[in-house]
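Asker:
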Amino acid sequence: MKGYIGVFDSGFGGLNILRALDRELPEYDYLYLSDTARNPYGDRSHEQVYDFTVEGIDKMFSFGCELIILACNTASAKALRRIQMDYLPKNHPHKKVLGVLIPGAEEAIDVTRNKKVGVMGTIGTVTAHTFKKEICKRDPQIEVYEQACPLLVQYVEAGECDSPAVGKALEEYLKPLTDQNVDTIILGCTHYGMLEKHIGDLVGNIALIAQGPVVARKLDEYLRIHCKTERELTKNSRRSIYTTDLSDQFIRLGSDFFGKKIAAEEVVL
Ligand code: DGL
C-alpha cells in the first residue's frame, strides 16, 4: 500500500493530532505509529530521540507513507532538523517529514495580545528552546516563558488524566506561567491536548493553543502549495494504527483518545 500520511508519536499524544486530521481532512489515508514500548521520549538524549525517531519513520516509509508528521514535540525539537537536512536527502529524497512546533509557535504569535506567551513541554522540548527561538525569530518583542512538565506524559499514558495528582502537578506547573501574566499558553506536548479541559479550568481566560486543529489547518495549507506531494497521497479514508507495545490498555485508551474505536497491530522497530 502506498500514499499514507504518517503520524508519529512516542505514545498516545499524537492521537490528538490524528483526531483533528480525521475530522478536518477525512478523505486522506493515515498511518499512526506509537512507540509505546519506549515512551516517554521527554527526558532522553538528543541522540536517542533521533535514533528512535529515525527507526519509526523508516518503518512508516516501508509501510507506504509519503509524508510523515512528527506529532511529537520532543522529536520535532530534537530530531526534525537533522532528519530534514541530512537523513532524508541521503535515504528518502522524495519523502517529506514535517514537525508540529512551528505551527504552534505561529498560532501563539497570532493569538497573544500582551506579547507574553507561556510554553508547557517535556524537559527535552523546553531545554531545546525551540518554541522560544521560533517565536522570537518572528516577533522579538514577545516574551516567552517555558515550563517543563515532566510528570504529565506518564499520567496520560496510564489513562489517569482525572487523577487528583494531575490537578496538583498542573497547579505547580502553571503557577510560574500565570505569575508572569501570560495571556497565551502553548500546549507544547501532544499529550497535554488530552488535559486541555483541566488546564483551561485552572487558567480561566488565558488562551490555550492545542496542536490538533492548528496542525490540521497548516497541513491543509501545505498540501495546497505542495501539489506534487498531494498527488502522491491516496484518499480512501483508511486509518492504520501501529504500536510497539500492543495491549488491551492501548486499544481501550487509544479509542478514548481518538474518539472512535481503534484496531491496532504491533510492530518491532
Ligand atoms: N507527546 C510527545 C511530545 O509532544 C512526547 C512525550 C514523551 O514521550 O515524553 O513531546
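According to our numbering, the sequence shown is numbered sequentially starting from 19. Glycine residues also receive a C-beta, built at the ideal position from the N, C-alpha and C atoms.
#1: Under 7 angstroms Cβ to Cβ from THR54, same chain only, skipping five residues before and after it: list those, please.
#2: Whole-angstrom Cβ separation of LEU188 and ILE217, contact assumed at under 8 angstroms?
#3: Return the first residue and the last residue of the alpha helix (DSSP H) that ILE120 is part of.
#4: Residues bridged to LEU49 by DSSP?
#5: Tell me VAL67's beta-bridge partners as DSSP assigns them.
#6: Tell me whether TYR59 sits in a helix, a strand or coil according to DSSP, three-state version.
#7: Below 8 angstroms, can you find three or more Cβ-Cβ pairs linking the stretch 204 to 223 to the stretch 22 to 41?
#8: Counting Cβ pairs closer than 8 angstroms, one from the stretch 154 to 166 and one from the stretch 120 to 140, do we hit at least three?
#9: Can you tell me where the alpha helix (DSSP H) with GLU250 in it begins and where it stops?
#10: Starting from the Cα of ASP274, find the closest Cα among ARG156, ASP157, VAL174 and give me that residue.
#11: Out of LYS114, LEU251, ILE141, state which residue places its alpha-carbon closest to the alpha-carbon of ALA96.
#12: Tell me, please, whether the CB atom of LYS253 is closer than 8 angstroms to any CB atom in chain B?
#13: Just to confirm the assignment, what range does the beta strand (DSSP E) spanning TYR302 have?
#14: How many Å lie between VAL118 and ASN91 at the Cα?
#15: Over the uninterrupted beta strand (DSSP E) stretch that includes ILE280, give me the two end residues.
#16: Could you pull the DSSP bridge partners for ALA187 from this structure?
#17: How about VAL137: is its Cβ closer than 7 angstroms to a heavy atom in the ligand DGL?
#18: Going by C-alpha to C-alpha distance, which of GLU124, THR145, ALA183, GLU178 sits closest to PRO158?
#19: Closer than 6 angstroms by C-beta to ARG41: which residues in its own chain qualify, once you throw out the five before and the five after it? Chain order, please.
#20: How about PRO58: is its Cβ closer than 7 angstroms to a heavy atom in the ligand DGL?
#21: Express the C-alpha separation of LEU213 and ALA281 in angstroms, rounding to a whole number.
#22: From SER265 to GLU248, what does the alpha carbon distance come to, in whole angstroms?
#23: Could you spell out where the beta strand (DSSP E) holding GLU178 opens and where it closes?
Answerer: Let me spell this out:
#1: If we look at THR54 and ignore the five residues flanking it on each side, its Cβ neighbours are GLY29, THR261, THR262, ASP263, PHE268.
#2: 6 angstroms
#3: 119 to 129
#4: DSSP lists GLY24, SER258 as partners of LEU49.
#5: Partner(s): none; VAL67 has no beta bridge.
#6: TYR59 falls in the coil class under three-state DSSP.
#7: At 8 angstroms Cβ cutoff, the stretches touch.
#8: Under the 8 angstroms Cβ criterion, the stretch 154 to 166 counts as touching the stretch 120 to 140, having at least three qualifying pairs.
#9: 245 to 250
#10: Comparing Cα-Cα distances from ASP274 to each of ARG156, ASP157, VAL174, the minimum goes to VAL174.
#11: Looking at the sequence provided, one finds Lys at residue 96 rather than Ala. The shortest Cα separation from LYS96 among LYS114, LEU251, ILE141 belongs to ILE141.
#12: Of the protein chains in this structure there is only one, and it is not chain B.
#13: There is simply no residue 302 to check, as the chain begins at 19 and stops at 287 in what is shown.
#14: Straight-line measurement puts the Cα of ASN91 at about 6 angstroms from the Cα of VAL118.
#15: That residue, ILE280, is in no beta strand (DSSP E); it is neither H nor E in DSSP.
#16: Beta-bridge partners assigned by DSSP to ALA187: none are found.
#17: Not one heavy atom of the ligand DGL falls within 7 angstroms of the beta-carbon of VAL137.
#18: GLU124
#19: none
#20: In this structure, the ligand DGL has a non-hydrogen atom nearer than 7 angstroms to the beta-carbon of PRO58.
#21: 24 angstroms
#22: Cα to Cα, the separation comes out at about 34 angstroms.
#23: First-last for GLU178: undefined, no H or E at that position.
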